[in-house]
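This report refers to the structure that appears directly beneath it.
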Amino acid sequence: MESEKGKEILAELGSDKRALVPGCGKGYDVAYLAENGFQAWGMDLSPTAVEEAQKFWASADESVKAKMSFRQGDYFNFEIPEGRFDVMYDYTFFCAFPPSMREAYGKRVREIVRIGGYFVGLVYPIDGGRTGGPPYSVSVEALSESIHGASEWTKVVEFVPKVSTESHVNRERFVVWKRIA
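Heads up: the sequence shown begins at 46 in this note's numbering, then just goes up one per residue.
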């Protein structure tokens, strides 16, 4: 979200924004969103991951900590707050699910993100026909299909990240969709 387009999106959303990072792990993305003014929820199925994230960020700047919340929960069943979320940020969460669960994943994205909100995804690993997982091989097209991309969303931006870990090079795309219906 540090690109010019990312800055435009942040400005468009204004203040009092709410973001969800499912499968948050240590919470780096949660902290980034909090630093940019979001009430940022990190969610993980693992209570240990949530505890570790809370410990890791315990010494963060108070203004950032005040905007961060880590919650243990099931992505498919947690109670969505009134007004939904302005942003859902998926950093390699989609790839944790077998292809048979992609429709349910996309349905939940549509329940979580309000109309006018954004779905941000780092699509990884793009490995073509590789079978097995997790991580399961994914594609921008598979993620778009799962959220009903053509009918309910408009793609705002798609690019290959300039900075990447060695194992991700040529295997990932950063994509942002805006919810229109």
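Built from N, CA and C at the ideal position, the CB exists for glycine as well.
Computed from a prediction, not measured in an experiment: that's the story for all the values here.
Runs of alpha helix (DSSP H) lying entirely within the segment 168 to 218, each at least 4 residues, in chain order: Note on the segment 168 to 218: whole alpha helix (DSSP H) runs with a minimum of 4 residues are 185 to 191 and 194 to 197, in chain order.
Whole-angstrom distance between Gly118 and Thr210, CA atom to CA atom: About 28 Å.
Check the DSSP bridge columns for Gln117 and list the partner residues they point to. In the DSSP output, where bridge partners are listed per residue, Gln117 has Asp89.
On the criterion of 16 or more Cβ atoms from any shown chain inside 10 Å, does Ala195 qualify as buried, or is it exposed? When all chains shown are included, Ala195 counts as exposed.
Reducing DSSP to helix, strand and coil, say where Pro144 ends up. The answer is helix: DSSP assigns Pro144 an H, G or I state.
Whose CA, out of Arg147, Lys207, Phe142 and Phe83, lies closest to the CA of Ser191? Ser191 has its Cα closest to that of Arg147, out of Arg147, Lys207, Phe142 and Phe83.
Distance, Glu127 Cα to Phe204 Cα: Going from the Cα of Phe204 to the Cα of Glu127 covers about 32 Å.
Identify the continuous alpha helix (DSSP H) that holds Ala64 and give its terminal residues. Annotation for Ala64: no alpha helix (DSSP H) segment contains it, though the beta strand (DSSP E) segment containing it runs Lys62 to Pro67.
Reduced DSSP secondary structure (H/G/I, E/B, other) of Arg129: Arg129: coil per DSSP, three-state reduction.
With DSSP run on the structure shown, which of helix, strand or coil describes Lys110? It is helical.
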